[in-house]
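Plus 919 on top of the position in the sequence shown (first one is 1) and you've got this note's numbering.
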Amino acid sequence: MVKSVKVIEYVGYNWYFNTKSISNTSQRGFNPDLNVVYVLDKIYQRIGNTQKVYSYFYVRYGIWYLLFSGRKASRDAFLKEYKRIFEWYEKNAIPKKFPLFGKETKGDSFFTKLTVNVFLVVDKLKLVNVFAKLYCSEK
């Protein structure tokens, strides 16, 4: 055995493959049993929107969900989820403009910040329909 590797006692952590998890890489399309707006509402009820960093993470979460689950969805399903999420942002007065190098986005990678901002530009230019047509793989 290599001297730099040590065997330790079992500490009680078990990893298992959860096929129902939203973050599972086998996720295909939007699951009707998952309600992102419900999750956003519950978080909002607990912490509100008192800091701009909260706004960034609300928006980042919604965009992540759209891009992650929407890749294998139909264009119509993508647009339906997009509308629900972005209406929630409007209803809760969530700002949708974040600097790439601002303190709100400090912990994220440049690629993540760029992805969020590019999607927000697509939204602002009203090109989400075109984006969904190109991005979604289910026809």
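Where a beta carbon is used, it is the ideal one built from N, C-alpha and C, also for glycine.
- When secondary structure is reduced to three states using DSSP, E928 falls in the coil class, being assigned neither helix nor strand.
- In terms of Cβ geometry, V1035 and Y975 form a close pair [threshold 9 Å].
- With a cut-off of 8 Å on Cβ pairs, the segment 1024-1039 is in contact with the segment 978-990, counting three or more such pairs.
- E1000 is not bridged by DSSP to any residue.
- Just measuring C-alpha positions, the residue of K1045, L1039, S1056 sitting nearest W983 is L1039.
- Between K1015 and the set N950, I966, Y973, G931, the nearest pair of CA atoms involves Y973.
- The DSSP-derived three-state label of S993 is strand.
- Y957 counts as exposed, since fewer than 16 other beta carbons sit within 10 angstroms of its beta carbon.
- In chain order, G948, C1055, E1057, K1058 place their CB closer than 8 Å to the CB of S993, counting only its own chain and leaving out the 5 sequence neighbours on each side.
- Straight-line spacing of the CA atoms in F1020 and K961 works out to 28 Å.
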